[in-house]
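Quick notes on the structure that follows.
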Amino acid sequence: MSNIAEIIEPQAKTRSEFIDECKSGKLDSVHAIYRTFASVETTGRFDPELVAVLPKNLKYLAHVGAGYDQVDVKACSERDPPIRVSNTPTAVDNATADTAVFLMLGALRGFNVGMTSLRQNKWRGEPALPLGHDPQGKVLGILGMGGIGRNMMKKCTAFGMKTIYHNRNRLDDDKSGGAQYVSFDELLAQSDVLSLNLPLNNHTRHIISTAEFAKMKKDVVIINTARGAVMDEDALVKALESGQVRSVGLDVFEEEPKIHPGLVANPNVMLVPHLGTWTFETQAAMEEWAMDNLRSAIETGKLKSPVPEQTDL
Ligand SMILES: O=CC(=O)O
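Note that this note's numbering has the sequence shown beginning at 286, numbered continuously upward.
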């Protein structure tokens, strides 16, 4: 990158320092931002307050990640001139779907229960953990069929699962991978394993809560590798306690890195600390993808993968 642009690293260690640094004019020459998921710990969300003070010459924001809920795209679009935002779709698909499959098998088989009892020197526990379930012949329901969902479907087809999906709009067969389209309620009612693969936004926040758990098969297994807040965690803990939901596999949480104590306490819950894309290969692919967005923006004025809300901008 340094052969086509000068690279500046902000010095701020907190959100208020970052706001001050932006306001000081020190970053005014910045045309494009490269932004990581973890940078939210320093700057907080790129919400309207932050977007309003971003460098005045800023035109592009390359987010390193598929999910870009940390960035208020509407506020970016409304700036004059607008800030064009990109993400890194497809680069994350394999590693995230692999994580979902790991969680699914673990949740179906009750592996967490066995792994915990073994480490407590109790072998399979007393009484022994109940028999698990095979994925073969089960219905995988995907809420949010995109790159990760299709990748997961391919892997689960190899396990002998049948896939159904629901999106706001039905997809062409090449995009759905041939999975059967069903209504939201049918998805809830028919899935043995429900995998959440949808982005977090105002339409999807708590899309799964008490009323939805009640429509699911008793004993359903739920996997979330999307964003914690697409599911109501309080309601989930209650649904697990009542036995409505048998087990869940979670990579993402409503208030990461805080975890609901009811989830930690429940051995039927497989928990992973947001490791979905945490591999050498995938991190490298995501970084390269974000760099390609910046290179393309600087050289041609167009991002390689603008976020869908801005394709017409
Ligand atoms: O969580 C990871 C991503 O959105 O890429």
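Ideal Cβ positions, reconstructed from N, Cα and C, are used throughout, including at glycine.
Owing to the predicted nature of the structure, the values given are computational and were not obtained by experimental measurement.
Next on the checklist: On the CB-based measure, 16 or more other CB atoms within 10 Å of its CB, does Ala499 come out buried or exposed?
Outcome noted: Taking the first residue of the sequence shown as 1, we reach residue 499 at position 214. Ala499 should be labelled exposed.
Next on the checklist: Quick check: does the Cβ of Phe322 come within less than 7 Å of any heavy atom belonging to ligand 1?
Outcome noted: What you label residue 322 is simply residue 37 of the sequence shown in a count that begins at 1. Taking the Cβ of Phe322 as the reference point, at least one heavy atom of ligand 1 falls within a distance shorter than 7 Å.
Next on the checklist: Measuring alpha carbon to alpha carbon, tell me which residue in Asp305, Gly310, His348 is nearest Glu334.
Outcome noted: Looking up residue 334 in the sequence shown gives position 49. Answer by Cα proximity: Asp305.
Checklist entry - Which word fits Asp536, buried or exposed, when buried means at least 16 other C-beta atoms lie within 10 angstroms of its C-beta? => result Residue 536 sits at position 251 when you count from the first residue of the sequence shown. In summary, Asp536 is buried, with 16 or more beta-carbon neighbours lying within 10 Å of its beta-carbon over all protein chains present.
Next on the checklist: I want to know whether the segment 399-416 touches the segment 372-381 - three or more CB-CB distances under 8 Å.
Outcome noted: Contact check between the segment 399-416 and the segment 372-381: fewer than three CB pairs, one atom from each, fall below 8 Å, which does not count as touching.
Item to check | Uninterrupted beta strand (DSSP E) stretches inside the segment 409-451 (no shorter than 3 residues) | outcome: The qualifying runs are 424-428, 447-451.
Next on the checklist: Residues in the same chain with beta-carbon distance under 7 Å from Val338, minus the five sequence neighbours each way, listed in chain order, please.
Outcome noted: Position 53 of the sequence shown, counting from 1, holds the residue named residue 338. Only Ile304, Cys307, Lys308 meet the Cβ criterion.
Checklist entry - Are there three or more Cβ pairs, one per stretch, closer than 8 Å when the segment 492-506 is compared with the segment 444-451? => result These segments do not touch.
Checklist entry - If you count every other CB in all the chains shown that lies within 10 Å of the CB of Asp365, and 16 or more means buried, which is it? => result Within the sequence shown, the letter at position 80 stands for residue 365. Under a 10 Å Cβ-count criterion, Asp365 is classified as exposed, with fewer than 16 other Cβ atoms of the shown protein chains found around its own Cβ.
Item to check | Top-ranked residue by Cα proximity to Gln595, from Leu416, Arg580, His491, Ser371 | outcome: Translated into the one-based positions of the sequence shown, residue 595 becomes position 310. The residue among Leu416, Arg580, His491, Ser371 with its C-alpha nearest the C-alpha of Gln595 is Ser371.
Checklist entry - Assuming Thr495 contacts Ala514 under a Cβ cut-off of 8 Å, what Cβ separation, rounded to an integer in Å, is found between them? => result In the sequence shown, counting from the first residue as 1, residue 495 sits at position 210. In the sequence shown, counting from the first residue as 1, residue 514 sits at position 229. Not really, about 15 Å apart at Cβ, beyond 8 Å.
Next on the checklist: Given the structure, does Thr562 come close to ligand 1, in the sense that its CB is under 7 Å from one of the ligand's heavy atoms?
Outcome noted: By one-based count along the sequence shown, residue 562 stands at place 277. Thr562: yes, Cβ under 7 Å from ligand 1.
Checklist entry - In terms of alpha-carbon separation, which member of Arg394, Ala413, Thr442, Met555 lies closest to Gly422? => result For the purposes of this step, residue 422 is identified with residue 137 of the sequence shown, where counting begins at 1. Taking only the C-alpha atoms, the option nearest Gly422 is Thr442.
Next on the checklist: Could you pull the DSSP bridge partners for Lys543 from this structure?
Outcome noted: Indexing the sequence shown from 1 puts residue 543 at position 258. Glu540, per the DSSP bridge assignment.
Item to check | beta strand (DSSP E) runs wholly inside the segment 483-513, at least 3 long, in chain order | outcome: DSSP runs (the beta strand (DSSP E)) wholly in the segment 483-513: 505-509.
Next on the checklist: How far does the beta strand (DSSP E) with Ser461 in it extend, from its first residue to its last?
Outcome noted: Taking the sequence shown and counting its residues from 1, one reaches residue 461 at position 176. No beta strand (DSSP E) holds Ser461; the alpha helix (DSSP H) holding it covers 458-461.
Next on the checklist: Are the CB atoms of Val592 and Tyr319 within a distance shorter than 8 Å?
Outcome noted: Numbered from 1 along the sequence shown, position 34 holds the residue referred to as residue 319. Numbered from 1 along the sequence shown, position 307 holds the residue referred to as residue 592. Not closer than 8 Å, so no.
Checklist entry - What residue from Lys523, Arg369, Val424 has the CA that sits closest to Lys589's CA? => result On the sequence shown, position 304 is the one that residue 589 refers to. Closest by alpha carbon: Arg369.
Item to check | Gly350 Cβ short of 7 Å to ligand 1 heavy atom set | outcome: To locate residue 350, count along the sequence shown from 1; it is residue 65. Yes, ligand 1 has a heavy atom inside 7 Å of this Cβ.
Next on the checklist: Is it the case that the segment 417-433 contacts the segment 467-484, given that we only count it when at least three CB pairs across the two stretches are under 8 Å?
Outcome noted: Contact holds: three or more Cβ-Cβ distances are below 8 Å.
Checklist entry - Bridge partners of His316, per DSSP? => result Here the question's residue 316 lines up with position 31 in the sequence shown. For His316, which the question treats as bridged, DSSP gives no partner whatsoever.
Checklist entry - CB-CB under 7 Å to Pro367, same chain, minus the five flanking residues each way: which ones, in chain order? => result In the sequence shown, counting from the first residue as 1, residue 367 sits at position 82. Closer than 7 Å at Cβ, skipping near neighbours: Cys361, Leu598.
Checklist entry - Could you give the C-beta distance for Val603 and Pro552, rounded to a whole number, given that I count them as a contact under 8 Å? => result It is not possible to answer for residue 603, since the shown part of the chain is limited to 286 through 598.
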